[in-house]
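Chemist:
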Amino acid sequence: MEVQIASEVNAFKKQQVLVYFAKHATQFTVPTSNYLLSGRKVVCSGKERYLTEVRGSALDLAEQSSMLKPPLISSSAETGKNCALIWGWNRTEEREEDDSGTWHSSVVWQEFGDYHTDENRVLKKDPQQDYHLEYAMENSTHTILAFRRELHTCDPNDKSITESTVRVIWAYHHKDLGEAGQNYHGSTRGTKSLRLLNPEKAEVSPASLSYFDLTNKDVPVPDKDTTYWCQMFKIPVQHEKHHVTKVEPLIQKGHENLVHHILLYQCSSNLNDSVLDYGHECYHPNMPDSFFTCETVIFAWAIGGEGFTYPPHVGLSIGTAADPQFVLMEVHYDNPTYTEGLIDNSGLRLFYTPVLRKYDAGVIEAGLWVSLFHNIPPGMPEFVSEGHCTLECLEEALGAERPSGIHVFAVLLHAHLAGRAIRMRHFRNGEEQKLLAYDDEFDFNFQEFQYLEEERTIMPGDNLITECHYSTMDRIRMTWGGLSTRNEMCLSYLLYYPRINLTRCASIPDIMEQLQFIGVKEIYRPVRTWPFIIKSPKQYKNLSFMDAMNKFKWSKSEGLSYNELVLKLPMNVRCSKTDNAEWSFQGMTAFPPEVERPYKTEPVICSSSSCLPCSLSLALLFVVHVTYSTIGNFGPFVQ
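Here the UniProt record's numbering is used: position 490 in the sequence shown is 490, and no number is missing along the way.
#1: Does the region 378-398 come within contact of the region 344-351, defined as at least 3 CB pairs closer than 8 Å?
#2: Tell me whether I406 is buried or exposed, calling it buried when 16 or more other Cβ atoms sit within 10 Å of its Cβ.
#3: So, does the region 574-593 touch the region 382-391, judging by three or more C-beta pairs under 8 Å?
#4: Since I believe L412 is in contact with Q447 (beta carbons under 8 Å), could you give me their beta-carbon distance rounded to a whole number of angstroms?
#5: Given a cut-off of 7 Å, decide if V363 and V297 are closer than it, judged by their beta-carbon atoms.
#6: Taking A366 and A506 to be in contact with their CB atoms under 8 Å, please state how far apart those CB atoms are, rounded to whole angstroms.
#7: Taking the straight line between their C-alpha atoms, what separation do you get for I318 and Y496?
#8: Reducing DSSP to helix, strand and coil, say where S492 ends up.
#9: Tell me, to the nearest whole angstrom, how far the beta carbon of G315 is from that of A361; I am working on the premise that it is less than 8 Å.
#10: Please specify which runs of the beta strand (DSSP E), each continuous and at least 3 residues long, are wholly inside the region 142-179, giving them in chain order.
#11: Buried or exposed: where does Q128 fall if 16 or more other Cβ atoms within 10 Å of its Cβ makes it buried?
#12: Where N272 and F233 are concerned, what is the direct C-alpha to C-alpha distance, given to the nearest angstrom?
#13: Identify whether E240 lies in helix, strand or coil by the three-state DSSP scheme.
#14: With distances taken from CA atoms, which of P156, M380, F326, F299 is nearest T117?
#15: By Cβ distance, which residues of its chain are closer than 6 Å to E513, with the 5 residues on each side in sequence left out?
#16: Would you give the residue range spanned by the beta strand (DSSP E) that K124 belongs to?
#17: Mark H261 as exposed unless 16 or more other C-beta atoms lie within 10 angstroms of its C-beta, in which case mark it buried.
#18: Any idea which residues DSSP pairs K556 with across the strands?
#19: Have a look at the DSSP bridge pairing and note the partners of I511.
#20: Could you give the residue range of the alpha helix (DSSP H) that holds G399?
#21: Compare the Cα-Cα distances from I508 to each of F532, T466, K541 and report the closest residue.
#22: Expressed to the nearest angstrom, what Euclidean distance is found between the alpha-carbon atoms of L368 and M489?
#23: Shortest alpha-carbon distance to L123 belongs to which of H185, T215, E150?
#24: Count the CB pairs spanning the region 325-344 and the region 234-247 that are closer than 8 Å, and state whether there are at least three.
#25: Identify the residues that DSSP records as bridge partners of residue 642: which are they?
#26: Among residues of its own chain, excluding the 5 on either side of E340, which ones have a beta-carbon nearer than 6 Å to its beta-carbon?
#27: On a CA-only basis, which of V219, P531, N139, Y172 is nearest H332? Give me that one, please.
#28: Quick check: the Cα distance between I422 and S164, rounded to an integer number of angstroms?
#29: Three-state secondary structure (DSSP) at N550?
#30: Quick one: give me the first and last residue of the beta strand (DSSP E) that D323 is part of.
#31: Buried or exposed, going by whether 16 or more other CB atoms sit within 10 Å of the CB of V355?
#32: What residue from F299, P311, S269, N286 has the CA that sits closest to T293's CA?
#33: With DSSP as the reference, identify every bridge partner of Q516, one or two as the case may be.
#34: Roughly how many angstroms separate the alpha carbons of E256 and P249, rounded to a whole number?
#35: Given a threshold of 16 other Cβ atoms within 10 Å of its Cβ, counted over all protein chains shown, does D323 qualify as buried or as exposed?
#36: Starting from the Cα of Y452, find the closest Cα among L417, G430, F409 and give me that residue.
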């Protein structure tokens, strides 16, 4: 039996299927590697589209089921509240014999229901039925259902569908629903995080597109929780401009949960081939000097993400003097069980073409500079951190290189285990614009570039705020900004065009005013150790500032007061160019803008389920696939 899930195209085994949309799917944990991904997403652009085809070697509906094309649909994305929903169905088969003695069967769908569960997980049918069956068929290997629902039903038993991550909890039983209700699924259950409204760009690349791989070679992964491994590569395309049009992760089989993220940095053009074929732990005291020349992120992939295709008018330029010749691939290995003897060969595959596109793509890293100066108290149900891409940095960089602005077409939002929600806020002349990107249901194990429904122009003098929400209820010590997944980050990677000489636009709050909150009066100067040491008062004397922050007796009220302080503190600005160069505002002090906190979401517009043709809705296709090796376990099936 195979379970296939691919955003709007989801596959489950027949006969009884129950699927929940839940805010936190903590009841079940099934590794992503258990799923075979196939199919395409619905393009949710507010325009009428057909649900595209399901594809894949295990599920070729065009040949196996002669499925009719689903009905015309349209959809849009709005913010909404978090509720839970569940649906299930049952069916009966009618069989008849024709004149030649051949038996035929057809499926009569007795029930397609909208259900929810109470606090005791008892399944109950909704008084308001918001799911509408559009299409159904079944043969000996597949059960296919296409159904429609409004994005925002305003039914307290439903969950609004937004651009945020959706946790789908699925379960099934080999028997149909009976009069007594659903059958207990047992171990046949699982979860999958999806982004239902992330529009997917159509691939226009020919099948014969050239590619090259950047992969690690037998890297021994240490038996510790976090390892960053860096490997230098030389781009094989030289002396002529090409465009990379697609990047795919090459994750070694069985290591889907080991490889947490991969970053690709552009390095100095002054390097030579002597730096190649040499790997080393990143951020290590003995790291080669050549690695320090690699600061410009040109691509980012994180766990749960898939391949990325550039829009038809944009490509990542390679092959010219201004393009990356040497790149550093940083692979973050997450090994919380301290497993020994792991050898990894993961990496990236880059597809490229000599047929040039109109614009060169660039990447800007925005948010909070990764530092111990970013910290979160323990025991907090919610704590908000902000990283600022300041108007001063954007004024200088864009004013010098692109006064008409740059165009952002995709965003990757990045945090670690304490992250709960991330928003990218955009301001112009003091007025807040529509959110550039957001994920109010952030899942550490599902991070990918979000294509923007419409490209966003960033102008000189704009400012951007990466707003991260955390929960540290399960922690008894401070959470620090850092590289480990047990540390935290608050970053946004902006893919944009045309490329300019700006690679990092970030900030970090002043540390001394943070320490004053817990009563620190003086530190030893000059600073000779890191973390630096406190001189007074007595209760903190000769402690590092990290130990002092952990010694402070944090309460929820103290944490809230600290949070209010940190969001108003002066901040150090990072405004970087390629090749370790800096814009003049680098290192300067700025103050965060006066903005409305917390961010107020747009009001939800409810749709009437009685008027589906006159409102915007989302259509989903669910496909149940049973392999022939398991058919014998479930009784007779008729083709």
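Where is the CB? At the ideal position from N, CA and C, for every residue including glycine.
Modeler: In this structure, then:
#1: no
#2: Counting from one through the sequence shown, the residue named residue 406 turns up at place 406. I406 is buried by the Cβ-count criterion.
#3: yes
#4: Taking the first residue of the sequence shown as position 1, residue 447 is located at position 447. Taking the first residue of the sequence shown as position 1, residue 412 is located at position 412. Going by Cβ atoms, the distance from Q447 to L412 rounds to 7 Å, so yes, they are a contact pair.
#5: Counting from 1 along the sequence shown, the entry for residue 297 is found at position 297. Counting from 1 along the sequence shown, the entry for residue 363 is found at position 363. Taking 7 Å as the Cβ cut-off, V297 and V363 qualify as a contacting pair.
#6: Stepping through the sequence shown from its first residue, residue 366 is reached at position 366. Stepping through the sequence shown from its first residue, residue 506 is reached at position 506. About 6 Å; that satisfies the 8 Å criterion.
#7: The count along the sequence shown starts at 1 and reaches residue 318 at position 318. The count along the sequence shown starts at 1 and reaches residue 496 at position 496. Answer to the nearest angstrom: the Cα atoms are 16 Å apart.
#8: Position 492 of the sequence shown, counted from the start, is the residue given in the question as residue 492. Three-state DSSP puts S492 in a strand.
#9: For the purposes of this step, residue 315 is taken as the residue at position 315 of the sequence shown. For the purposes of this step, residue 361 is taken as the residue at position 361 of the sequence shown. With a Cβ gap of about 6 Å, G315 and A361 count as contacting.
#10: 142-150, 166-173
#11: Counting from one through the sequence shown, the residue named residue 128 turns up at place 128. It is exposed - the Cβ of Q128 has fewer than 16 other Cβ atoms within 10 Å.
#12: The count along the sequence shown starts at 1 and reaches residue 272 at position 272. The count along the sequence shown starts at 1 and reaches residue 233 at position 233. Each residue's Cα considered, the two are about 11 Å apart.
#13: Within the sequence shown, residue 240 is the residue found at index 240, counting from 1. Coil, per DSSP.
#14: Counted from its first residue, the sequence shown places residue 117 at position 117. Answer by Cα proximity: P156.
#15: The residue you call residue 513 lines up with position 513 of the sequence shown. Hits under 6 Å: L569.
#16: Here residue 124 corresponds to residue number 124 of the sequence shown, with the count starting at 1. That run of the beta strand (DSSP E) goes 123-125.
#17: Position 261 of the sequence shown, counting from 1, holds the residue named residue 261. Burial call: buried.
#18: Counting from one through the sequence shown, the residue named residue 556 turns up at place 556. For K556, which the question treats as bridged, DSSP gives no partner whatsoever.
#19: As a position in the sequence shown, residue 511 is number 511, starting the count at 1. Note: I511 sits in no beta bridge, so no partner.
#20: Counting from 1 along the sequence shown, the entry for residue 399 is found at position 399. Segment 391-401, the alpha helix (DSSP H) holding G399.
#21: If you number the sequence shown from 1, residue 508 lands on position 508. Comparing Cα positions, the closest option is T466.
#22: Locating residue 368 in the sequence shown gives position 368, where the first residue counts as 1. Locating residue 489 in the sequence shown gives position 489, where the first residue counts as 1. Cα to Cα, L368 sits roughly 7 Å from M489.
#23: Against the sequence shown, residue 123 aligns to sequence position 123. The shortest C-alpha separation from L123 is found at H185.
#24: yes
#25: The first residue shown for the chain is 1 and the last is 639, placing residue 642 beyond what the model contains.
#26: For the purposes of this step, residue 340 is identified with residue 340 of the sequence shown, where counting begins at 1. If we look at E340 and ignore the five residues flanking it on each side, its Cβ neighbours are D223.
#27: Counted from its first residue, the sequence shown places residue 332 at position 332. Nearest of V219, P531, N139, Y172 to H332, Cα basis: V219.
#28: Translated into positions along the sequence shown, residue 422 becomes position 422. Translated into positions along the sequence shown, residue 164 becomes position 164. In a straight line, the C-alpha of I422 is about 10 Å away from that of S164.
#29: Locating residue 550 in the sequence shown gives position 550, where the first residue counts as 1. Of the three classes helix, strand and coil, the one that applies to N550 here is helix, per DSSP.
#30: Here residue 323 refers to the residue found at position 323 of the sequence shown. Looking at the DSSP string, D323 is not in any beta strand (DSSP E), and its letter there is neither H nor E.
#31: Numbered from 1 along the sequence shown, position 355 holds the residue referred to as residue 355. V355 should be labelled exposed.
#32: The count along the sequence shown starts at 1 and reaches residue 293 at position 293. With distances taken between Cα atoms, T293 lies closest to S269.
#33: Walking along the sequence shown from the start, residue 516 turns up at place 516. None; Q516 has no bridge partner.
#34: Your numbering for residue 256 matches position 256 in the sequence shown. Your numbering for residue 249 matches position 249 in the sequence shown. Each residue's Cα considered, the two are about 10 Å apart.
#35: Residue mapping note: residue 323 aligns to position 323 of the sequence shown, counting from 1. It is buried - the Cβ of D323 has at least 16 other Cβ atoms within 10 Å.
#36: In the sequence shown, residue 452 corresponds to position 452, counting from 1. Sequence check: residue 452 is Leu here, not Tyr. Ranking L417, G430, F409 by Cα distance to L452 puts F409 first.
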